[in-house]
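Asker: I'd like to ask some things about the structure below.
There are 2 protein chains.
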Amino acid sequence: MADFQTIGKSHIRVDALEKVTGKATYVGDVYLPGMLMCKLLTSTHSHARIKSIDTSAAEALPGVRCVIIGKDYPDAWFGSGAMKDRRVMARDEVFYIGEPVAAVAADDEITALEAVELIKVEYEGIKNVVDPLEAISGRSVDVHPNLEDFEGFGFALGGNNCTMLDADRGDVDQGFKDSDVIVEETYHTQPISQGFLEPMACVADLQANGRLDIYASTQGPYQVRAQLASVLDRPISNIKVTAMEMGGGFGAKLRLALEAFPALLSIKTGRPVKLINTREEAFTLNGPRLETNIYLKTGVTKDGKILAREARSIFDVGAYLGAGPNAGVGHGLGAYSIPNFKLRSYGVYTNKIYVGSYRASGVADMTFATESHTDVIAHKLGMDPMEFRIKNALSEGDMAVNGSAIPKNGLMETMLALKEKMGLPKKLEEGRGVGISVGEWRSGSGPSTAAISVNEDGTISLLTGSVDISGSDTSLAQIAAEALGLRLDQVVVAARNTDMAPFTGPSGGSRIVYSQGRAVQNAAEDAKAKLLELAADRLGVPADALECAGGAVYVQDNPPQSMNLGQLARMSLSSRGGPIIGTASLSSLPYAPVFNAQGAEVIVDQETGQVRVTRFVQAQDIGKAINPMGVEGQLEGGAVQGIGRALSEEILIDKETGKVRNPSLATYLMPLSVDVPEIENILVEVPSADGPFGARAVAESPGFGPPAAIANAIYDAVGVRIKTLPLSAERVLAAIQGRTEDEYTVDADELRKAEAT
Amino acid sequence: MADFQTIGKSHIRVDALEKVTGKATYVGDVYLPGMLMCKLLTSTHSHARIKSIDTSAAEALPGVRCVIIGKDYPDAWFGSGAMKDRRVMARDEVFYIGEPVAAVAADDEITALEAVELIKVEYEGIKNVVDPLEAISGRSVDVHPNLEDFEGFGFALGGNNCTMLDADRGDVDQGFKDSDVIVEETYHTQPISQGFLEPMACVADLQANGRLDIYASTQGPYQVRAQLASVLDRPISNIKVTAMEMGGGFGAKLRLALEAFPALLSIKTGRPVKLINTREEAFTLNGPRLETNIYLKTGVTKDGKILAREARSIFDVGAYLGAGPNAGVGHGLGAYSIPNFKLRSYGVYTNKIYVGSYRASGVADMTFATESHTDVIAHKLGMDPMEFRIKNALSEGDMAVNGSAIPKNGLMETMLALKEKMGLPKKLEEGRGVGISVGEWRSGSGPSTAAISVNEDGTISLLTGSVDISGSDTSLAQIAAEALGLRLDQVVVAARNTDMAPFTGPSGGSRIVYSQGRAVQNAAEDAKAKLLELAADRLGVPADALECAGGAVYVQDNPPQSMNLGQLARMSLSSRGGPIIGTASLSSLPYAPVFNAQGAEVIVDQETGQVRVTRFVQAQDIGKAINPMGVEGQLEGGAVQGIGRALSEEILIDKETGKVRNPSLATYLMPLSVDVPEIENILVEVPSADGPFGARAVAESPGFGPPAAIANAIYDAVGVRIKTLPLSAERVLAAIQGRTEDEYTVDADELRKAEAT
């Protein structure tokens, strides 16, 4: 193993000082001359036709500069990828309570709010459907009856089932026949918010040349640019998106959200327009997650080998398909080798807020189900849950769900590390329990670009199109520094916008360090090759006799014979090749799985049902820790989000109207520091073949396991199995007292029948 | 010749709308929270030791945040290139009236001004020298007695002669012996200002992470960055320079000027600091031009062949060598083939404002001398001035002063075009005259980089590090569009700073369209090759069977078989090669000469000496006009500056103290629209081998010829030869009346003797 200088060591984030001193600039900090404030009017009906909108009183209010309604936008549809199922602002119908119906730009926020209240909308109600199990039954109203003919939609079951994904292998019926034990269950997960601190925000500023400058809080500036171009019917080159500092995204800020409202208002007024969502809007407009119902059927031999699985997952997507139900298929097997399977995943429209992405959308839901289920099976077989998992774990060469071969990985190492650290198996005293969960994910890929220029003093500037949502700029700078033999403080990460940096995929899907990091490494290698070539020419030795380190290029056999990068960079300014630029562009890297194992110890108060997590340990194969402190931060943040998902977080939705009942951080219960134990992290490093210096993704996986680990620990502590999230005190107490908990049933037979027709 | 789509057609500037609507952002428009205003205290002595500086009263003034003096800077020297002859702020001595001695940052401008007046400086005067001929004589005080040992300085003649350049060929003594006629003269040119509208300005803003953000009005952001790093003793990577919109530079803004003052004040206060020079400071702090005395001796045969030339030019550089006397050697021959020559050029320190660059520093001075001299010789031989020039003109294959071979060029075409357009030779009525001048220059080179990314709709973003001082962004965008078969409106030129764009040489020296344009073309070709490769793969044809045009790649033999660039760009996002980026980096391009011929018709009022230019015609070989409207604008602007230099512009300098007597646009007489006739332009297009699409430089040459053309026309009109600029009414009238005009004599014998010792 090479002796690394910059990577593998903990560094404070390159943007730490800006952030802790409050100097970092968020959208909220953008003030432009003549800037107007924007406010939104949203739908009060979950399903209705808009008969009329009267904006005259609002427009007459002094200080109001412009009021827009859906008809002011070009007649364009947008959505997620090819699935275009909505207008940017409601036009003839509304599909959920909270849907934008009009927007106002005024001289100040108060005036804008007053104007919003003066807009009169006349609705004609339509029957709605709120429950996804009812919506998919074929017995309810259709949310979008006219979408069936649209390209990209797969209304396999008709009605509200907008998309169905499947994956099959082997002979699942035979697998069940050959099984000694079959376990069949349904799990249910709750609507949940990404819980970002900074609500979405945007300033749009029409330039004199007709171009639109957009300052956005976004993970995907190029995605916002493309979607905005589409809904405003302008060329992409007409829009510049500057991704500002972000106060959290977690997937919620991957795509166009509120940007189209200030954008059109700026176009109409010629003035800069700012919109900052309220906290309520952060719950209703930004694509949180909705409920999932997951049916699992698994057949095992009595000595603990899994032979067959059927999984059917119903993802409530709300009014629009903001993020697909991919996880229902991709993660229906967990980290196990299962020879026969039949996986189905359904997306279902309902008249509710639409779903977006959240830290590997749906995978945490699936993992709660599959890893609770795994525990149930192990107990049924009388096997230790960890041994059962080890027995069925995927190995190198096994086939992943998508058919690709599993490459070398650290799954076994993470399980063994967790086992050792927690001293498993172990039995705790009455009321205390231990539970585990194993997760599987992959290092994300997608379009990644980087450019490096070498300054005349041997320092470098790094230009990428990726937004830093997790400390990734620091890792990218470390990768560039390592590849060129520089210190971290010799790397400048340039602030960027879509004009100047080449297209880069969004910061999401666990792709930045793995793919963007690889692009940075390649760009650095490109620059390095040019530096070595220059030095070779000057030192009179072949380039392959040279190496880069300590800010210099030296002859490997005679290190004192060297030139520093500053000398070389200055030379380059008058060399034939010109100033040294290294660039790289790549799209997809080979599949690099990410496995983790997480364990929780809990105390269950048997009189109240209250669950307290007393210990949380996690081991994750991160390939190579570029910035260990950053990796631990990611692991801990993910675990804490997972604990919140497990115990307390839930968007409460009215069963009749679909209205969000708790759009506030006072009533939406995110974990506080007292709710979370110190997280113990074990970094397993089995290098990936293609990540920079062997790194794998870190970001999303740590959020997967806590719900199942905690549910399994509750079972271990008090013998009750909770299959519905969150694992609230009420629910646990009800189970302890033998009362029926909430019942959610996926009728698998009916789904099979519907598919067959 | 290819049929061009975008180049060769006139386009309004890509930044035109921003500028005419007042939306373009200049440094003066930068307002940052908590920003302080800076004012300077400057020296009242032309040569003195600083005994003490008392800043206590200034510091005690409410609202004053910081006062800095020279000792607050690291003990570093800076200057032009290797010639480091000054401190950024006077430390122990002052060398001219107007030199910065202290700077104040205060809450507002008035307070800063009051504080400046409260600073007490005690000076001890030292004898000064103001006249450059006295300064080089060896009989005056030395301005910088301690610089002789510094690297880079060539005190060939000792004393104040800080640098001497030479060029020799053949046997000049024999050349003179073989000549039938020898003409020996001295010419004198005046101190002159670049006359930019926007005074220098800077905002410096220390970031929380210790980096310095600099917003500057500069032609050379990378040069400012490097020099600032040096005088502040910080790494280059610690500084980001954003080049804002510019209100004119003309060479004055190529290097570090005032930026170091707000920079240090921002470092000391932690606040943003703005400094905008006054108009007075624009004359004294920004490196205008000082006087030049040029001795010429030329030997010719009686049939008009030039055999030998000796030229000795003395460039007054003032207190510091801001720009060298290169033109005295490089342009001592004019556009003529002269077999034997001996060229010497001296830089001389005096206690005056220091020289900077101005639209090919010194070449206009040399051209006034050599092209007046050429006229004198032609008249002495009884030859038509144009025929004499044609007879001696450089041809392809001749050797340039620097020994390189003259490539194919349009010198002859420009002369013949001018001759035809003006109907030469011709004799006008008494009091009216016609005169011509021929100029030679080169297309500039130096570090040039560009990057192009192809957007998903087939439009492109162009990133360069070059500042647009002349409409060059429009030309660069046209070049990129042409190379990729796009419309101009499909190209975005990204705003840039030194963090994000790779190193690029300054916007000066006639290098942007020629060299930077070539880099842009190369980057576009790089992107095009990747587009063709992708398309070849998809269309199943070899890449060389494809061509790019009309926003698409098509099969040359079957144009309907095509893919548009948007499709290809979207494909690239998931292709192996990733998003399409084209990059290019180059340093020096081969020598591409630029020749022009200019002619003036004048009326001389024989009672007042007033000269009025009634017609001005110019022909220039621009290789290929990328944007003809822009080329004409450059040609006209240069001609007008040349007419100002010829007739009225002069910085008046006190002969005792070196003080600038007219630092104001009311007393420094730039030409008004009534002073200038319509300029008639002839674009000669003899393509260069290496410029983009054959383009040559345009920018600097048109300023060279007007003084000689007008002086020659005055001679033609009234028979008097004025050898001193400006050709003011007083001077012309004195000559008409037979009175002695100002006498400037370069004692060539003495210089020859001094060199020999």
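For the protein sequence lines, the chains are A and B, in the order given. Sequential numbering of the first sequence, starting at 763, is according to my numbering. Sequential numbering of the second sequence, starting at 763, is according to my numbering. No residue lacks a Cβ here, since even glycine has one placed at the ideal position from N, Cα and C.
1. So Ile1343 (chain A) contacts chain B; which residues on that side make the cut at Cβ distance below 7 Å?
2. Would you be able to state if there are at least three C-beta pairs under 8 Å between the segment 1227-1246 of chain A and the segment 1268-1284 of chain A?
3. Report the rounded CA-to-CA distance for Val782 (chain B) versus Val776 (chain B), giving the unit in angstroms.
4. Got a sec, what are the start and stop residues for the alpha helix (DSSP H) Asp975 (chain B) sits in?
5. In whole angstroms, what separates the C-alpha of Arg811 (chain B) from that of Gly1118 (chain B)?
6. Helix or strand or just coil, what does DSSP make of Met763 (chain A)?
7. Could you check which residue in A:Leu1351, A:Arg1483, A:Asp765 has the C-alpha nearest to that of Ile1139 (chain A)?
8. Which one or two residues does DSSP pair with His950 (chain B) in a beta bridge?
9. Run through chain B and tell me which residues come within less than 9 Å of Lys785 (chain A), C-beta to C-beta.
10. Shorter than 7 Å, the distance from the beta carbon of Ile769 (chain A) to the closest heavy atom of the ligand FMN, or not?
11. Does the CB of Thr925 (chain B) have a neighbour CB from chain A at under 8 Å?
12. So what's Arg1407 (chain B) in DSSP terms, helix, strand or just coil?
13. Between the alpha carbons of Gly900 (chain B) and Thr1046 (chain B), how many angstroms are there, rounded?
14. Does the separation of the CB atoms of Arg827 (chain A) and Ala865 (chain A) fall below 8 Å?
15. So which residues of chain A does Leu994 (chain B) contact, with C-beta pairs closer than 7 Å?
16. Going straight from the alpha carbon of Gly1165 (chain A) to that of Thr1004 (chain B), what length do you get?
17. So for Glu1363 (chain B), helix, strand or coil by DSSP?
18. From Asp1078 (chain B) to Val1110 (chain B), what does the alpha carbon distance come to, in whole angstroms?
19. Whose C-beta lies closer than 7 Å to the C-beta of Ser1337 (chain A) among residues of the same chain, with five residues either side of it excluded?
20. Note down, in chain order, all residues in the segment 1010-1040 of chain B with a beta-carbon under 9 Å from any beta-carbon belonging to chain A.
21. Under the three-state reduction of DSSP, which class applies to Met845 (chain A): helix, strand or coil?
22. Does Pro1147 (chain B) come out as helix, strand or coil in the three-state DSSP assignment?
23. Can you give the Cα-Cα distance for Gly896 (chain A) and Ser902 (chain A), rounded to whole angstroms?
24. Spell out whether any CB of chain B is found under 8 Å from the CB atom of Arg1338 (chain A).
25. Beta-carbon of Val1079 (chain B) versus every beta-carbon of chain A: anything under 8 Å?
26. Exposed or buried, what is Asp1504 (chain A) when buried is set at 16 or more other beta-carbons lying within 10 Å of its beta-carbon?
27. If the cut is a Cβ gap below 9 Å, which residues of chain B does Asp1219 (chain A) touch?
28. Would you identify the three-state DSSP class for Ala1491 (chain A), choosing helix, strand or coil?
29. Just reading off the beta strand (DSSP E) that Met1325 (chain B) is part of, what are its end residues?
30. Quick one: which residues of the segment 1225-1244 of chain A get their C-beta closer than 9 Å to a C-beta of chain B? List them in chain order.
31. Would a check of beta-carbon distances place Ser1166 (chain A) closer than 8 Å to chain B?
32. Please classify Gly1066 (chain B) as buried or exposed, where buried requires at least 16 neighbouring CB atoms within 10 angstroms.
33. Measure the Cβ-Cβ separation of Ala1314 (chain A) and Leu1105 (chain A) and say whether it is below 8 Å.
34. Assuming Gly887 (chain B) is part of the beta strand (DSSP E), what are its boundary residues?
35. Can you list the residues of chain A that Ser1544 (chain B) reaches, using a CB-CB cut of under 7 Å?
36. Cβ of Ile1214 (chain B) within 8 Å of Cβ of Gln1252 (chain B)?
Answerer: Result, derived from the coordinates:
1. Thr1211, Pro1264, Thr1345, Ser1347
2. yes
3. 12 Å
4. Where Asp975 (chain B) is concerned, there is no enclosing alpha helix (DSSP H), although the beta strand (DSSP E) it sits in stretches over 974-978.
5. In this structure, the alpha-carbon of Arg811 (chain B) lies about 25 Å from that of Gly1118 (chain B).
6. Confidence in Met763 (chain A) is poor, its pLDDT being 46 and thus under 50, which makes the residue's placement too unreliable to answer from.
7. A:Arg1483
8. B:Asn1055, B:Thr1486
9. Gln969, Ala970, Asn971
10. Of ligands this structure carries none, so the ligand FMN is not represented either.
11. no
12. helix
13. 27 Å
14. With respect to Ala865 (chain A), Arg827 (chain A) sits apart: the two C-beta atoms are not nearer than 8 Å.
15. Those within 7 Å of Leu994 (chain B) in chain A number zero; the least Cβ separation is about 13 Å.
16. 51 Å
17. strand
18. 5 Å
19. Excluding its 5 nearest sequence neighbours in each direction, Ser1337 (chain A) has C-beta neighbours in its own chain below 7 Å: Leu1296, listed in chain order.
20. none
21. strand
22. helix
23. Residue identity check: residue 896 (chain A) is Glu in the sequence provided, not Gly. Going by the C-alpha atoms only, they are around 6 Å apart.
24. yes
25. no
26. exposed
27. Ala988, Ala991, Pro997, Ile998, Ser999
28. helix
29. 1320-1326
30. Within the segment 1225-1244 of chain A, the qualifying residues are Leu1225, Gly1227.
31. no
32. buried
33. Taking 8 Å as the Cβ cut-off, Ala1314 (chain A) and Leu1105 (chain A) do not qualify as a contacting pair.
34. 882-887
35. As displayed, chain B neither begins before 763 nor continues past 1519, which places residue 1544 (chain B) out of reach and without an answer.
36. no
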